[in-house]
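Asker: Pasting a structure below so you can have a look.
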Amino acid sequence: MNATVLLTSVDINIPGYRILRPIGEGGMASVFLAVQESLDREVALKVMSPVLAANAEFASRFVVEGKITAKLQHPNLVTVYDIGSHNGVYYLAAEYIPGGTLKERLAEGGLSVGQILDIATDIAQGLDFAHSKGFVHRDVKPGNVLFRADGRVVLADFGIAKAMDGSNSSTVAGASIGTPDYMSPEQARGEPVDGRSDLYSLGTVLYELLVGTPPYQAGDPFTVALMHVTHPVPELPEPWQWLQPLVSGLMAKQADQRFKTGAAFVEALHQLLATAPQGAVLQETNTRKPGSGSRIASGAATQQRTRISAKRSASRPAWFWPVSGALLLFVAALAGWWLLSPDAAPDEPQATVDAPAVPPPAAAADNAPVPAGFELPKAVDAPDQDELDRLLNAGDQLFEYGTTVELSRKLTLPDDDSALGYYRQALALDPDNARARAGIAGIVAFYRSFAYKACVAERWVQCGVIVRAGLAVDDQDAYLRQLQNAAVDGEAGGSPVLPPAPAPN
Ligand SMILES: Nc1ncnc2c1ncn2[C@@H]1O[C@H](COP(=O)(O)OP(=O)(O)O)[C@@H](O)[C@H]1O
Ligand SMILES: [Mg+2]
-4 MNATVLLTSV DINIPGYRIL RPIGEGGMAS VFLAVQESLD REVALKVMSP
46 VLAANAEFAS RFVVEGKITA KLQHPNLVTV YDIGSHNGVY YLAAEYIPGG
96 TLKERLAEGG LSVGQILDIA TDIAQGLDFA HSKGFVHRDV KPGNVLFRAD
146 GRVVLADFGI AKAMDGSNSS TVAGASIGTP DYMSPEQARG EPVDGRSDLY
196 SLGTVLYELL VGTPPYQAGD PFTVALMHVT HPVPELPEPW QWLQPLVSGL
246 MAKQADQRFK TGAAFVEALH QLLATAPQGA VLQETNTRKP GSGSRIASGA
296 ATQQRTRISA KRSASRPAWF WPVSGALLLF VAALAGWWLL SPDAAPDEPQ
346 ATVDAPAVPP PAAAADNAPV PAGFELPKAV DAPDQDELDR LLNAGDQLFE
396 YGTTVELSRK LTLPDDDSAL GYYRQALALD PDNARARAGI AGIVAFYRSF
446 AYKACVAERW VQCGVIVRAG LAVDDQDAYL RQLQNAAVDG EAGGSPVLPP
496 APAPN
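Residue numbering for the sequence shown follows the working numbering, beginning at -4 and increasing consecutively.
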C-alpha cells in the first residue's frame, strides 16, 4: 500500500470549493488553499489520499470524527468548517491558518525560551479544552501546530488521527500516523489512549523546541517507538534544567504519573516561573552576551536552537511581534517572580514596585483616546444605564486590584471577567463612554510603567512579556513598541537605550 499517492489540484473537483493553490502535503493528505464559494471565504481544504478513502472503515470514521471535531471551538484549535466526500474523494475544510507550521519554525531556529513556553502553553490550552470535551488528538507534533497571524499557535487535525488509526491496523501499532517521534508509550504499544497521551506528545515537542532534536533518535521508526516505551525520560541539558519538571511531568512513562490535564501543566509552568531561582529565566538571555563565558555557551550543541540570533534582532519575523494571549497568563506569575527577586529594583521602595504610577481610570481625561487598533463596537439602542454602571464598576474594581494588589491579574484576561473585558462590554453598550475609554487607557499606562521597570532592571525577558501584555490591549502603542525593541536588543545581548520613564498617562 502506497500511502503517498496524493491528489493534485487538477484531479480535484469538489462542489462548492474553488482551489487556489496547494499549501502543503502530509503523508495521508494534500492540503490546498481554496475558496468556499457559498461564504466566499478562504479555507484550508484537506483532501485525503485515495488510498485511505478506499478503506471503508476509514471513510466512515473520517466523517464521524470530522462531525464531532467540528464542534470543538477554541482559540488554540483549528476550526473545522465542513467535511464530506465527492466521487470518493474525502475532504475536510478547515480554518486557513496562514503563519506556517511549528515544524518550519523549528527548522529556522531562533525561538527564545519565552516563545517556546508560550507555544507550549497555547498547545496545552487547546488540548485541555478538547480533553475536557472527551477528545484525544493522538497526533500532537510540530507539523500539526500552526501559527496564526497574531503569533498564537493552534493545533490542527483533531480527530483525523483516530480515523486513520482504525483504518491501518495492518501497519505497525501507531506508526500509521506517521512519525513515531512524538508518540506516547501507550500509543507505541497500540494500547487505548486518553488525553494524557497527548500531554506526553506535548512533552516531546517541548523537549524538541528546547534542545533542537526529538527526545529519542534511532535509525528506524520502530526503534524510536520502542524507545518511547523503554528508555528513561530524557534530561534537558543544563541551560534548561530548571524546566525539567515540565518535561518529566509530561513525559512520564506511566500516564498516571503525568500532569492530569493541560491546565495542570500550565499551572506548573507558572509556579516554576514564579519560584525559579534568581536568574533562571534570564540565563537564556543574558548569558548570550558575547564573551560572557556562560554555561549556555558551553552547551554548544543545544545553544544554536534557542539562541536569539543576531538575525532575529535585525529582522524579526512577523509573528514575533504580535501578542499571544496565552503569554498574558504568565504575567501574574512573573509579577510574583519580580517581587520575590532579591534584586528587584533595590533602590525603590517595594510600594512603588507594587503600584506603578497609574492614575485611577476615573481621573484620566474624559476624552482619553481608545487605543489605536481597537474597534469600537456599534451602538445598540440607548444604553441600559444600570447594566452600564455594573460593567464600569466591575471594570474599575478589577483595574484597582490588578494595578495595586496582584499586578496584572485580571486586567486583560479572561475575556469575560477582566477589567478590559468589562470596559469593552461597556463600550459595546455605549461606544463613547468616557469612563470605559479612560479605563482601557489606564490599563495600557499600567503596562507601560510595569514594563519600563523591568527593562530598567535589564530583565529583558520579563520586560518583553509585560510589553506583549500591554500590546494585547493596544498593539499600536508607540512607547510599548520602543520598549519591545529594547527588550529584544537586550535579550540578544545588546545594550539598548531605553526611552525615558513613561509619563503618568
Ligand atoms: N488549516 C491549515 N491552514 C494552513 N495550512 C495548513 C492547514 N492544515 C495543514 N496545512 C499545511 O499543510 C501541510 C500538510 O498538512 P497535513 O496533511 O496535516 O500533514 P502533516 O501531518 O504533516 O501536518 C501542513 O504541514 C501545513 O503546512
Ligand atoms: Mg496535519
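For every residue, glycine included, the Cβ atom is placed at its ideal position computed from N, Cα and C.
#1: Do the region 195 to 214 and the region 227 to 247 make contact, defined as three or more Cβ pairs closer than 8 Å?
#2: Measure from the alpha carbon of Val468 to the alpha carbon of each residue in Pro491, Arg419, Arg430, then state which is nearest.
#3: Can you find a heavy atom of ligand 1 that lies under 7 Å from the Cβ of Val46?
#4: Under three-state DSSP, which class holds Met43?
#5: Figure out for me which residue from Asn139, Pro70, Ser80 has the closest Cα to the Cα of Glu99.
#6: Would you please state the rounded distance, in angstroms, between the beta carbons of Leu141 and Ala125? I believe it to be under 8 Å.
#7: Quick one: grab the DSSP three-state call for Gly19.
#8: Check whether the Cβ atoms of Ile7 and Ile14 sit closer than 8 Å, and answer yes or no.
#9: With H, G and I counted as helix, E and B as strand and the rest as coil, what does DSSP make of Gly320?
#10: When you compare each of Val59, His69, Gly390 to Tyr86 by their alpha carbons, which one comes out closest?
#11: Is the distance from the Cβ of Ala54 to the Cβ of Ser80 below 8 Å?
#12: Can you find the residues in the same chain that come closer than 7 Å, C-beta to C-beta, to Gln120, ignoring five residues on each side of it along the sequence?
#13: Report the residue ranges of all alpha helix (DSSP H) runs contained in full by the region 426 to 495; include only those spanning at least 4 residues, in chain order.
#14: Shorter than 7 Å, the distance from the beta carbon of Glu103 to the closest heavy atom of ligand 1, or not?
#15: Just the Cα atoms here: how many angstroms apart are Gly94 and Pro216?
#16: Quick check on Glu90: does DSSP put it in helix, strand or coil?
#17: Contact between the region 428 to 444 and the region 382 to 402: three or more CB pairs below 8 Å?
#18: Among the candidates Met43, Arg430, Phe441, whose CA atom is the shortest distance from the CA of Ala498?
#19: CB of Val26 to nearest heavy atom of ligand 1: below 7 Å?
#20: Mind listing which residues have their beta carbon within less than 6 Å of any non-hydrogen atom of ligand 2? Chain order is fine.
#21: Within its chain, find whatever has a CB closer than 8 Å to the CB of Leu231; leave out the 5 residues flanking it on each side and keep chain order.
Answerer: Reading off the structure:
#1: Pairwise C-beta distances place the region 195 to 214 in contact with the region 227 to 247, as three or more of them are shorter than 8 Å.
#2: Along the sequence shown, read from residue 1 onward, the residue named residue 468 stands at position 473. Distances from the alpha-carbon of Val468 to those of Pro491, Arg419, Arg430 put Arg419 closest.
#3: Here residue 46 is taken as the residue at index 51 of the sequence shown, counted from 1. No.
#4: Counted from its first residue, the sequence shown places residue 43 at position 48. DSSP places Met43 in strand when its eight states are reduced to three.
#5: Looking up residue 99 in the sequence shown gives position 104. It is Asn139 whose Cα lies nearest to the Cα of Glu99.
#6: As a first step, residue 141 is located in the sequence shown; it is residue number 146 there, counting from the start. As a first step, residue 125 is located in the sequence shown; it is residue number 130 there, counting from the start. Actually they do not touch by this definition, with Cβ atoms about 15 Å apart.
#7: Looking up residue 19 in the sequence shown gives position 24. Of the three classes helix, strand and coil, the one that applies to Gly19 here is strand, per DSSP.
#8: By 1-based counting over the sequence shown, the position of residue 7 is 12. By 1-based counting over the sequence shown, the position of residue 14 is 19. Yes; because the gap between Cβ atoms is below 8 Å, this pair is in contact.
#9: Stepping through the sequence shown from its first residue, residue 320 is reached at position 325. Low local confidence applies: a pLDDT of 28 at Gly320 is under 50, so the model's placement there is unreliable, with the coordinate-based value given in what follows. Residue state, collapsed to three classes: helix.
#10: Here residue 86 refers to the residue found at position 91 when the sequence shown is read from its first residue. Checked all of Val59, His69, Gly390; the closest Cα to Tyr86 is Val59.
#11: As a first step, residue 54 is located in the sequence shown; it is residue number 59 there, counting from the start. As a first step, residue 80 is located in the sequence shown; it is residue number 85 there, counting from the start. Going by C-beta atoms, Ala54 is nearer than 8 Å to Ser80.
#12: Counting from 1 along the sequence shown, the entry for residue 120 is found at position 125. Hits under 7 Å: Asn71, Gly257, Val261, Ala321.
#13: 429 to 451, 455 to 468, 473 to 486
#14: Here residue 103 refers to the residue found at position 108 of the sequence shown. Checking the Cβ of Glu103 against ligand 1 gives no.
#15: Sequence index remark: in the sequence shown, residue 94 carries index 99 (1-based). Sequence index remark: in the sequence shown, residue 216 carries index 221 (1-based). If you take the alpha carbons of Gly94 and Pro216, they lie about 29 Å apart.
#16: Looking up residue 90 in the sequence shown gives position 95. DSSP places Glu90 in strand when its eight states are reduced to three.
#17: yes
#18: For the purposes of this step, residue 498 is identified with residue 503 of the sequence shown, where counting begins at 1. The residue with the shortest Cα to Cα distance from Ala498 is Phe441.
#19: Taking the first residue of the sequence shown as position 1, residue 26 is located at position 31. Val26: yes, Cβ under 7 Å from ligand 1.
#20: Gly21, Gly138, Asn139, Ala151, Asp152
#21: Numbered from 1 along the sequence shown, position 236 holds the residue referred to as residue 231. Tyr202, Leu205, Val206, Leu238, Gln239, Val242.
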